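Everything on this sheet refers to the single structure shown next.
Protein chains: 2
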Amino acid sequence: MNIILLSGGSGKRLWPLSNDIRSKQFIKLFKDDAGNYESMVQRVYRQIASVDPSAKVTIATSKSQASAIHNQLGEKVSVCVEPCRRDTFPAILLAAAYLHDELGVSEEESVAVCPVDPYVDDSYYSCVEELGEIVQRNQANLTLMGIEPTYPSEKYGYIIPESSERISRVKEFKEKPDRETAQKYLERNALWNAGVFAFRLGYLIEKAHSLFSFTDYRDLYAKYETLTKISFDYAVVEKESSIQVVRYHGDWKDVGTWNMMAEVMADSIKGRAVMDDACENTHIVNELNIPIICMGCKDMVIAASGDGILVSDKERSGYMKPYVEQVSADAMYAEKSWGTYTVMDVQSGSMTVKLSMRAGERMTYHSHDYREEVWTVVSGTGKAVVDGMEQILRTGDVVTVAAGCRHMILAETNLDIVEVQIGENISVADKKKYSLEEE
Amino acid sequence: MNIILLSGGSGKRLWPLSNDIRSKQFIKLFKDDAGNYESMVQRVYRQIASVDPSAKVTIATSKSQASAIHNQLGEKVSVCVEPCRRDTFPAILLAAAYLHDELGVSEEESVAVCPVDPYVDDSYYSCVEELGEIVQRNQANLTLMGIEPTYPSEKYGYIIPESSERISRVKEFKEKPDRETAQKYLERNALWNAGVFAFRLGYLIEKAHSLFSFTDYRDLYAKYETLTKISFDYAVVEKESSIQVVRYHGDWKDVGTWNMMAEVMADSIKGRAVMDDACENTHIVNELNIPIICMGCKDMVIAASGDGILVSDKERSGYMKPYVEQVSADAMYAEKSWGTYTVMDVQSGSMTVKLSMRAGERMTYHSHDYREEVWTVVSGTGKAVVDGMEQILRTGDVVTVAAGCRHMILAETNLDIVEVQIGENISVADKKKYSLEEE
Chain A
0 MNIILLSGGS GKRLWPLSND IRSKQFIKLF KDDAGNYESM VQRVYRQIAS
50 VDPSAKVTIA TSKSQASAIH NQLGEKVSVC VEPCRRDTFP AILLAAAYLH
100 DELGVSEEES VAVCPVDPYV DDSYYSCVEE LGEIVQRNQA NLTLMGIEPT
150 YPSEKYGYII PESSERISRV KEFKEKPDRE TAQKYLERNA LWNAGVFAFR
200 LGYLIEKAHS LFSFTDYRDL YAKYETLTKI SFDYAVVEKE SSIQVVRYHG
250 DWKDVGTWNM MAEVMADSIK GRAVMDDACE NTHIVNELNI PIICMGCKDM
300 VIAASGDGIL VSDKERSGYM KPYVEQVSAD AMYAEKSWGT YTVMDVQSGS
350 MTVKLSMRAG ERMTYHSHDY REEVWTVVSG TGKAVVDGME QILRTGDVVT
400 VAAGCRHMIL AETNLDIVEV QIGENISVAD KKKYSLEEE
Chain B
0 MNIILLSGGS GKRLWPLSND IRSKQFIKLF KDDAGNYESM VQRVYRQIAS
50 VDPSAKVTIA TSKSQASAIH NQLGEKVSVC VEPCRRDTFP AILLAAAYLH
100 DELGVSEEES VAVCPVDPYV DDSYYSCVEE LGEIVQRNQA NLTLMGIEPT
150 YPSEKYGYII PESSERISRV KEFKEKPDRE TAQKYLERNA LWNAGVFAFR
200 LGYLIEKAHS LFSFTDYRDL YAKYETLTKI SFDYAVVEKE SSIQVVRYHG
250 DWKDVGTWNM MAEVMADSIK GRAVMDDACE NTHIVNELNI PIICMGCKDM
300 VIAASGDGIL VSDKERSGYM KPYVEQVSAD AMYAEKSWGT YTVMDVQSGS
350 MTVKLSMRAG ERMTYHSHDY REEVWTVVSG TGKAVVDGME QILRTGDVVT
400 VAAGCRHMIL AETNLDIVEV QIGENISVAD KKKYSLEEE
């Protein structure tokens, strides 16, 4: 079975833990069976692997998430990176072409596409496996999963099936309705459309050739920027008459707000925090290294990271978007391919950053035009290359890198460095990359 | 008129803005007439100066507060520093001896003693002035201010006067009563004892000689550690039969909890923060450089500093002491004689600190046995002396100071430095001081 996980969307709905460069699927608020914290993407992968250890998982994502996926899942999954943002149809197509041309998946094999962010139990992935098996029966071109609704929600699209059987042909699709209309859909055995569908790989490849002119994955990748932005629903689902749906009635939660996240978090407190006895139904997530004390908080969520602090009534947490836009500045924390990057201090003309590199990782060789950097190694050992000269890094060593000077760091052990950036135009955009082999 | 302001008490009742080394009287939450933020101690001084521009103010305080007082009031006040902590009688006596022997105040002059921390209107200091005038009439040995109670409080001691006249002889003193007893005191025209009293300077000096053997201020200072810990109330007030009290009925607030502080803060938000429209009766103080968003908070106080974050129902804020003790670590922020010291990062074997020095200020010449330091100048200019060698400091300069090496910094302009401390036993206690002149 091939599974394409769509890991898109940078968003601020779980601010300050999610931001422009850090998506909610990477926040570690769940726990695995051994009691270790895990993120949504780690949980999803673990669930798939436990249901079907032979499943081949490919994550379709954007450049900005590739490092975080690599950090959290290592080499266990294939990653198909969009060169730029197009809508869901181009993204799924690119992943399908990647499966076909890079991984050698046959056109006859089943492929299921799933979003990476619902909170579900393992039976959801058993149902995904079942979609793949049904696809092999060739009874329909597309096979969808429909979620049994628990209430007449206005937040989801609906699938109207022809019958109430567990597997049924689809009669029609409906956009998000008002509550009254939703109630009527429920009387017609309608299901929530959760964006899970399966097909033969060849089906999608053929579909794509009718819409875009391309030869293979690499050609599609090269032309990606020229593709029309079009959603999978609009390009494929709405035009397809041969669709069936499988009813899923297990747990399914859309953890798009802190209120919902609090329901499924492993612990009511993560990080340094205490609550007094007068606190009720309150959740705290603290990524800062200073403590939080909560006194008499009721039905609240408190979340703190290097980007900011949220103190919210749970019900109100879904309405914070305009306030986040009002306050948000550059993200203060990022996961890099080599570890983490935390801004500690910003003032006019300088920025102080902590780099925590994982043993064995290295940066790309690069330079900055508008800033110099002073590195102080606070723990660990590694090597730096500065203008082609290699030098050893040990605790207490200081390296000054002038503007324009090419440099990189390689961590031998876990390596922590305080980096002071000095210059009048400090920006993430001020970066030129080089190949180290040219030196 | 001479006023001794007692600035004691490091406490955590306004945590995380007050801590072991930063008292509540230095937190800037009020505003002066020009709209600039000011602290309690700045507000008190401004009020005294506006009521009596010729008042001579001496602040009796501990070593740990001397720098903060100097930072906030400059040379406008005299500061009498206790060499170690003894109770209120030794502290007041030391200040009285300081007035007499160092400032040349005559024994006939009036001296008023006031705590530095109540929130009052200017008429309070007019009443203090009046105490001094009454003292000169020699009708009693001690003249106290009594606060007209607004309710039968269990939190204060009571003064029972002989009559309900504005100025009356004192009949007796009562410890903090229960509510019922307090109600009975109120029926007897009782007043809250706010710790404000005035006397002829000679009265206290004589009193002191009957209790301790000393010649003058310097002798008393040298012997200070040997003095018995005894409160002014116990040593003087309870033994004195000739006492009168002046009724004060203006505003008087004891801002000892966040709930009370919120009532008198100049703004409902100080620092980077936003509240949504569903917030009610909520106050935010944010000293961090990251934003706070509050959604749907009712009757709450949120306070954040480098030491931690408090999220509290206002009524509950008075009960946080045990929780603060549970979480609190070393203070992360300190006012020094030369500026401010902010801890940015702590890990095993290292600590990263930001030093912000004011133009013209200098550190003492010192060394550390167990850590090396790497300084990176992020803005400003100054000079460093390292093992007797002077060197210029400019933006981008890096200085490494080995363990054992003597050093100091002098700021020519405002000077910001990121200091990385490296060593296995980093502690504020690891400091040896030297005279620079010896070099």
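Protein chains in written order, with numbering that gives the first Met the number 0: chain A, 0 to 438; chain B, 0 to 438. Glycine included, C-beta positions come from ideal geometry on N, C-alpha and C. Computed from a predicted model, the values in this text were never measured in an experiment.
Check: Cβ neighbour criterion (16 or more within 10 Å) applied to B:T281; Outcome: buried
Check: Reference B:Y364; option with closest CA among B:R370, B:L409 and B:P114; Outcome: B:L409
Check: Inter-residue Cα distance where the pair is A:E129 and A:V50; Outcome: 11 Å
Check: Bounding residues of the alpha helix (DSSP H) (the contiguous stretch that carries A:G201); Outcome: L200 to L210
Check: Where the beta strand (DSSP E) through B:V342 begins and ends; Outcome: G338 to Q346
Check: Helix, strand or coil at A:A197 according to DSSP, with G and I counted as helix; Outcome: strand
Check: Paired residues, beta bridge with A:W191 - DSSP; Outcome: A:I146 and A:Y157
Check: Where A:H69 falls: helix, strand or coil (DSSP); Outcome: helix
Check: Interface flag, A:Q346 vs chain B, CB-CB below 8 Å; Outcome: yes
Check: Beta-bridge pairing of A:P114 - partner residues as DSSP gives them; Outcome: A:L5
Check: C-beta neighbour in chain A for B:E286, strict 8 Å; Outcome: no
Check: Interface residues of the segment 385 to 396 of chain A facing chain B [CB-CB below 7 Å]; Outcome: T394 and G395
Check: Touching by the beta-carbon criterion (3+ pairs, under 8 Å), the segment 79 to 95 of chain A and the segment 219 to 238 of chain A; Outcome: yes
Check: Members of the segment 345 to 371 of chain A that neighbour chain B once the beta carbon cut-off is set at 8 Å; Outcome: V345, Q346, S347, G348, S349, T351, K353 and E371
Check: Contact check, B:A181 vs B:P160, beta carbons under 8 Å; Outcome: no
Check: Interface flag, A:T324 vs chain B, CB-CB below 8 Å; Outcome: Note on residue identity: the sequence assigns Glu, not Thr, to residue 324 of chain A. It does not; no Cβ of chain B falls within 8 Å.
Check: Short CB-CB distance (under 8 Å) between A:I421 and chain B; Outcome: yes
Check: CA-to-CA distance, B:G387 to B:E438, given in whole angstroms; Outcome: At B:E438 the pLDDT is 49, less than 50, meaning the model places this residue with poor confidence; the figure from the coordinates comes in the next sentence. For B:E438 and B:G387, the distance between alpha carbons rounds to 6 Å.
Check: Bridge partner(s) assigned by DSSP for A:A272; Outcome: A:I291
Check: Close beta carbons around A:I20, own chain, < 6 Å, minus the five adjacent residues each side; Outcome: S63, A330 and A333
Check: CB contact flag (A:V284, A:C126, <8 Å); Outcome: no
Check: Cβ of B:L309 within 8 Å of any chain A Cβ; Outcome: yes
Check: C-alpha gap between B:Y157 and B:Y433, whole angstroms; Outcome: 50 Å
Check: Opposing strand residues paired with A:S105 [DSSP bridges]; Outcome: Beta-bridge pairing links A:S105 to no other residue.
Check: Three-state secondary structure (DSSP) of B:M388; Outcome: strand
Check: Any C-beta of chain A under 8 Å from that of B:M259; Outcome: no
Check: Minimum Cβ-Cβ distance from A:Y332 to chain B less than 8 Å; Outcome: no
Check: Cβ-based contacts, 8 Å cut-off: residues of the segment 99 to 119 of chain B near chain A; Outcome: none
Check: Alpha helix (DSSP H) segment containing B:D121, residue limits; Outcome: D121 to Q135
Check: Reduced DSSP category for B:Y433 - H, G, I as helix; E, B as strand; rest coil; Outcome: strand
Check: Close beta carbons around B:Q24, own chain, < 7 Å, minus the five adjacent residues each side; Outcome: S6, S38, M39, V40, V115 and D116
Check: Nonlocal neighbours in the same chain, by C-beta distance under 7 Å from B:E107, ignoring five residues either side; Outcome: R199 and G201
Check: CB contact check: A:L232 to chain B, cutoff 8 Å; Outcome: In the sequence on display, residue 232 of chain A carries Asp and not Leu. With 8 Å as the cut-off, A:D232 does not count as an interface residue toward chain B.
Check: Residue burial classification, B:L13 (beta-carbon count within 10 angstroms, cutoff 16); Outcome: buried
Check: B:L287 burial status per 10 Å Cβ neighbour count (16 or more: buried); Outcome: buried
Check: Against chain B: residues of the segment 291 to 307 of chain A by CB proximity under 7 Å; Outcome: I291, I292, C293, M294, G295, C296, I301, A303, G305, D306 and G307
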